[in-house]
Structure formats: C-alpha cells, structure tokens
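Heads up: the protein sequence lines correspond to chains A and B, in order.
FYI, the numbering for the first sequence is 1 to 146, going by UniProt numbering.
FYI, the numbering for the second sequence is 1 to 146, going by UniProt numbering.
Structure record follows, encoded as structure tokens.
2 protein chains.
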Amino acid sequence: MNIGQASKASGVTTKMIRYYHEIGLVQPASRSDSNYREYDERQINELRFIKRARSLGFSMEEITQLLSLWRDRSRPSREVKAIADRHLAHLNARIAEMQAMADTLQHLSLCCAGDERPDCPILADLTSGTEPTERAGRQTLVQRAR
Amino acid sequence: MNIGQASKASGVTTKMIRYYHEIGLVQPASRSDSNYREYDERQINELRFIKRARSLGFSMEEITQLLSLWRDRSRPSREVKAIADRHLAHLNARIAEMQAMADTLQHLSLCCAGDERPDCPILADLTSGTEPTERAGRQTLVQRAR
DNA sequence: GATAGACCTTCCCGTCATGGGAGGGTCAAG
DNA sequence: CTTGACCCTCCCATGACGGGAAGGTCTATC
C-alpha cells in the first residue's frame with residue numbers, strides 16, 4: 001500500500017500522514033525502491049487510532065503518549081485514564097470559558113434593538129471595558145477562546 | 001504617552017499593540033522625533049475596546065469591523081448585532097462540539113477501571129475507530145477542537 | 001559629561017496541526 | 001511513448017501572539 005491507498009483506508013490525508021511521520025508519531029513506513037512509502041495493516045490501524053483520538057480533541061503530544069500505551073500490552077489502564085481525565089478537565093475548562101463568553105454575548109444581543117439607530121448596548125459594553133471575572137487570568141482566557 | 005505607558009494604561013502588552021498597528025487595526029500613533037510611538041486617550045480607549053472584545057472571543061477580523069462601527073456615530077445597531085450574533089452562533093457550535101467530545105470522554109473514563117491491568121475501554125474505543133456522528137465533517141470538527 | 005539600565009525601535013523565528021503549491025521523479029494504461 | 005495520476009521533498013501560510021537579538025534613546029545618578 002502506498003500513501004494514497006493508506007490515506008483512503010484510514011481517512012487521514014496524505015499531508016497529515018507525512019506530518020505524523022515527521023514528528024515521529026508513527027514509525028516510518030518502509031520505502032519502495034522508488035522511495036515510495038509503504039504501509040501495512042498495522043500502520044493503517046495506527047492512523048485510524050490517531051484520527052479517532054484527534055476527533056476527541058487530544059493534542060498530538062497526548063496522542064503520542066496514548067499510542068505508546070496502546071502499543072504496550074502491559075500498560076496499566078491507570079495511565080490511560082489519567083491522560084483522558086486530564087484532557088477532559090481541559091475540555092471542561094475551555095467549555096466553561098466559552099460558555100461565559102456566550103452568556104455575556106447572548107445577554108448583550110438581547111438588549112440590542114438591532115435597528116437603524118446607532119445606540120447599541122454591545123458597543124457600550126465593549127467601551128466600558130467591563131472586566132471579565134478574573135479567574136484564570138484574562139490573557140489565558142482569551143488565548144483559549146481561539 | 002509612549003508604548004510602555006499605553007500598555008500599562010490599557011492592559012495590552014507592547015507586543016500586541018505593535019501587532020495591532022501592523023495589521024492596521026488601530027491607526028498608527030504619531031511618532032516622536034526619536035521615532036517613539038505616541039498615544040493619547042483615544043488610542044487607549046481603542047486598545048481597551050479591543051481587549052474587551054478579545055475577551056469575548058471575537059477574532060481580529062470581527063474586531064476590525066466592530067471598531068469601524070464604533071467609530072461611526074451613525075452606524076445602525078443592526079450591523080453590530082449581526083456581528084455579535086454570528087460570533088455567538090460560532091461559539092455555540094464550538095461549545096456543542098467540545099461538549100460532545102467531553103461527553104464521550106466522560107463515559108469512557110467512567111468505564112475505565114484505572115488500575116494496574118491493561119484492559120482499557122478508552123483504548124478500545126480509539127482502536128475501534130467509532131466514527132463521530134458526521135454532522136459538519138470530521139476534519140472541521142477536529143480543527144475547531146484546538 | 002559620562003555611564004548605567006530601563007526603555008524604545010525593527011526584524012526574524014517559533015508556536016500547533018494542517019493546507020497549498022512548486023519543482024521534479026515514478027508508474028500504469030492506452 | 002506519451003499522458004495523467006500518482007509520489008517525493010521543500011517552502012510558505014494560517015492566528016494571535018511571545019521571545020529574543022541588535023541597536024538607538026532617555027533619564028538618573030555620579
């Protein structure tokens with residue numbers, strides 16, 4: 001199987017497969033005489049694993065750890081769970097931050113007439129510079145909103 | 001006021017202020033004889049506006065639009081509201097995606113013993129490659145998880 | 001007036017996971 | 001033997017910054 005076939009079989013783009021090789025996430029596939037990458041079922045399964053993990057929002061670094069635990073038949077499930085729980089906490093924190101933004105925006109939007117007149121509570125809020133409640137620091141908060 | 005004083009007054013780092021100049025978000029401040037940027041109250045207010053908008057998760061592009069409406073005293077509040085509502089929809093969509101991830105993870109985590117044994121429903125799920133419900137396409141879904 | 005150190009300037013690189021595309025080699029079918 | 005669909009590597013871009021180098025400026029103290 002060359003990279004195109006591996007891509008179809010795994011649902012991961014060729015660009016991403018090459019990137020995963022580059023960062024050492026998956027072992028380099030063997031190469032044909034003409035320097036084409038070659039894949040077998042094992043690689044395909046790893047690519048599917050990565051894809052699924054990405055769809056759950058794990059970072060590449062976390063996936064590196066998960067993959068290595070996956071390959072280790074004697075791993076303690078404790079370690080897997082720890083990674084999952086850490087990520088879950090991360091997700092919940094970000095959800096809460098974004099929910100706070102959404103709540104504020106929802107409120108402002110409801111207060112805004114949305115007509116031809118210039119008066120606008122949304123702009124008024126942005127002007128007044130009401131500080132968000134300072135839980136984790138605003139810059140972090142903003143960064144994570146991305 | 002030079003850039004350091006503007007930074008303290010607005011709560012925006014000097015790096016960010018220079019970046020906002022670079023992308024044309026705020027009008028270039030005047031320059032002193034020694035090429036130092038100079039700021040007045042107007043600039044400070046704009047920086048505070050940007051900071052507050054960022055804390056609500058608006059992108060730079062949206063803030064560009066919001067700033068131009070803010071400067072226009074005859075803007076219709078309809079336009080401001082449209083931007084806010086679009087962003088709100090965006091936020092809600094991303095929250096829903098992340099919540100779906102969190103729900104799945106929460107379930108898997110609860111099913112995982114988290115002990116010394118290697119059996120792990122989390123890894124099993126990643127292996128089986130259960131596809132996420134295909135609403136908006138998985139790649140978009142994954143990208144947004146960042 | 002000299003020197004220190006706290007500022008300012010521009011410029012370039014790195015982030016993270018990925019897409020786009022150039023420039024060139026390879027393979028299979030017609 | 002050509003065509004077009006692949007493959008290769010390498011570089012650039014994304015968004016919203018942070019870090020840091022190399023060099024100019026200001027201010028306070030000696």
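We put the CB at the ideal spot given by N, CA and C, even for glycine.
Partner residues on chain B for residue i, Cβ-Cβ distance less than 8 Å
| i | result |
| --- | --- |
| A:N92 | A102 |
Proximity test, Cβ basis, 8 Å: residue i and chain A
| i | result |
| --- | --- |
| B:G114 | yes |
| B:R18 | no |
| B:S74 | yes |
| B:R78 | yes |
| B:A53 | yes |
| B:I122 | yes |
| B:R117 | yes |
Residue-chain proximity (residue i, chain B), Cβ-Cβ < 8 Å
| i | result |
| --- | --- |
| A:M98 | yes |
| A:S7 | no |
| A:L69 | yes |
| A:R42 | no |
| A:T127 | yes |
| A:T133 | Interpretation of A:T133 is limited by its pLDDT of 46, a score under 50 that renders its predicted location unreliable; the figure taken from the coordinates is listed afterwards. With 8 Å as the cut-off, A:T133 does not count as an interface residue toward chain B. |
| A:G57 | yes |
Local Cβ density within 10 Å of residue i, reported as buried at 16 or more and exposed below that
| i | result |
| --- | --- |
| A:Q43 | buried |
| A:D40 | exposed |
| B:E97 | buried |
| A:R18 | exposed |
| A:S128 | exposed |
| A:D125 | buried |
| B:Y24 | It should be noted that the sequence gives Gly, not Tyr, for residue 24 of chain B. Looking at its Cβ environment, which holds fewer than 16 other Cβ atoms inside 10 Å, B:G24 is exposed. |
| A:V12 | buried |
| B:R71 | exposed |
| B:A113 | exposed |
Chain-ordered chain B contacts of residue i [CB-CB under 7 Å]
| i | result |
| --- | --- |
| residue 164 of chain A | Any question about residue 164 of chain A goes unanswered here, given that chain A covers just 1 to 146. |
Interface residues of chain A facing residue i [CB-CB closer than 7 Å]
| i | result |
| --- | --- |
| B:S109 | K81, A84, D85 and L88 |
| B:L25 | The premise fails here: B:L25 is roughly 14 Å from chain A at the closest Cβ pair, so nothing lies under 7 Å. |
Beta-carbon gap between residue i and residue j smaller than 8 Å
| i | j | result |
| --- | --- | --- |
| B:R118 | A:R52 | Here residue 118 of chain B turns out to be Pro, not Arg, going by the sequence shown. It is not a contact, given that the beta carbons lie outside the stated cut-off. |
| B:R31 | B:I3 | no |
| B:A6 | B:L47 | yes |
| A:Y95 | B:I95 | It is worth fixing the name first, because residue 95 of chain A is Ile in this sequence and not Tyr. Yes, the Cβ-Cβ distance between A:I95 and B:I95 is below 8 Å. |
| residue 222 of chain B | A:A102 | The question about residue 222 of chain B has no answer here: the residues shown for chain B are numbered 1 through 146. |
| A:L56 | B:T104 | yes |
Amino acids of chain A, ordered along the chain, whose beta-carbon sits closer than 8 Å to that of residue i
| i | result |
| --- | --- |
| residue 218 of chain B | Shown here, chain B extends from 1 to 146; a query on residue 218 of chain B therefore has no answer. |
Near the ligand MG: residue i beta-carbon under 7 Å from a heavy atom
| i | result |
| --- | --- |
| A:I95 | As presented, the structure is devoid of all ligands, the ligand MG included, so that no description of it is given. |
* How do the segment 47-62 of chain B and the segment 80-87 of chain B stand: do at least 3 beta-carbon pairs fall below 8 Å, yes or no? -> yes
* How about the segment 104-118 of chain B and the segment 67-79 of chain B: do they share at least three Cβ pairs that are nearer than 8 Å? -> no
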